[in-house]
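To start, the structure under review is shown below, and the notes come after it.
Residue numbers (the numbering used here), protein chains in the order written: chain B, 123 to 231; chain L, 53 to 234.
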């Protein structure tokens with residue numbers, strides 16, 4: 123059975139909606155969409171959301187607000203008629219170096 | 053001495069690997085990936101342990117742990133997707149017609165919906181952590197996945213104590229999934 127194409131207008135509208143909304147203390151600075159295969163090898167819509175960094179002294183965002191974001195995005199996607207699986211990936215605005223970044227750059231490993 | 057796979061130990065390991073209590077900076081990428089994976093397995097084992105307890109309440113731990121080996125990740129995901137599908141979440145497959153009414157009742161529990169959503173989110177994250185070179189793992193996002201796993205486990209306990217019929221229904225479907233889907 124063929125897979126239905128993902129309507130790009132609906133995806134654009136979803137991205138615009140995400141960037142206009144705050145979810146408690148969580149704000150989406152930038153939203154990107156891509157189509158890929160998920161763990162079940164089905165076509166899926168992956169939303170990569172760059173969030174404003176967690177508050178000062180916080181290692182991550184409040185879960186309550188992240189859940190509101192995840193639920194809100196899925197509800198909006200459903201409202202827009204998207205039928206492919208939607209997965210939300212989160213990224214901070216500022217990415218600190220990881221512990222072995224320097225070694226990887228120096229040795230190419 | 054045999055030591056079981058305890059969800060709380062997996063969550064603790066995930067916290068340590070993801071640098072929950074470390075200072076600034078980020079842990080090694082491989083550690084963040086393993087943390088995401090551990091967060092998924094914590095929820096998976098919590099669910100499966102509970103289903104085994106539901107099926108064999110009087111069995112020894114050893115017997116239940118043996119039973120737990122028979123579960124398939126895909127089947128647990130299917131039941132979670134049936135809950136999400138009943139809520140209209142995109143791409144989540146709706147339940148088979150003969151069990152649709154039961155899933156429509158389950159979807160009225162926002163706690164259960166959060167458990168199902170956490171399972172779906174974490175299983176995809178685990179897949180990316182283990183196989184996808186292009187997936188990006190950061191400390192804040194990985195800690196958020198761990199939070200979601202811990203929250204789902206907490207909500208599962210709440211459903212068990214506050215809504216026993218709802219909980220029993222969920223456990224029964226997790227146990228029956230392969231039979232119902234045939």
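For each residue, glycine too, the CB sits at the ideal point set by N, CA and C.
Remember, it's a predicted structure, so these values are computed and weren't measured experimentally.
The region 91-107 of chain L and the region 53-60 of chain L touch, with three or more beta-carbon pairs separated by less than 8 Å. Taking 7 Å as the cut-off between beta carbons, the residues of the region 77-108 of chain L near chain B are 77, 78, 79, 80 and 81, in sequence order.
Boundaries of the alpha helix (DSSP H) harbouring residue 196(L): 191-214, taken from the DSSP string. Under the 10 Å beta carbon count, residue 207(L) is surrounded by 16 or more other beta carbons and is classified as buried. About 17 Å separates the beta carbons of residue 175(L) and residue 225(L), which is beyond the 8 Å limit, so they are not a contact pair. For residue 139(B), the nearest beta carbon of chain L is not closer than 8 Å to its own beta carbon.
Uninterrupted beta strand (DSSP E) stretches at least 3 residues long and entirely within the region 89-156 of chain L do not occur.
Beta bridge pairing from DSSP links residue 152(B) with 172(B). In the three-state reduction of the DSSP assignment, residue 157(B) falls in the strand class.
Interface with chain B (8 Å Cβ-Cβ cutoff): residue 72(L) is included.
Interface with chain L (8 Å Cβ-Cβ cutoff): residue 176(B) is included. Here residue 185(L) is exposed, its C-beta having fewer than 16 other C-beta atoms within 10 Å.
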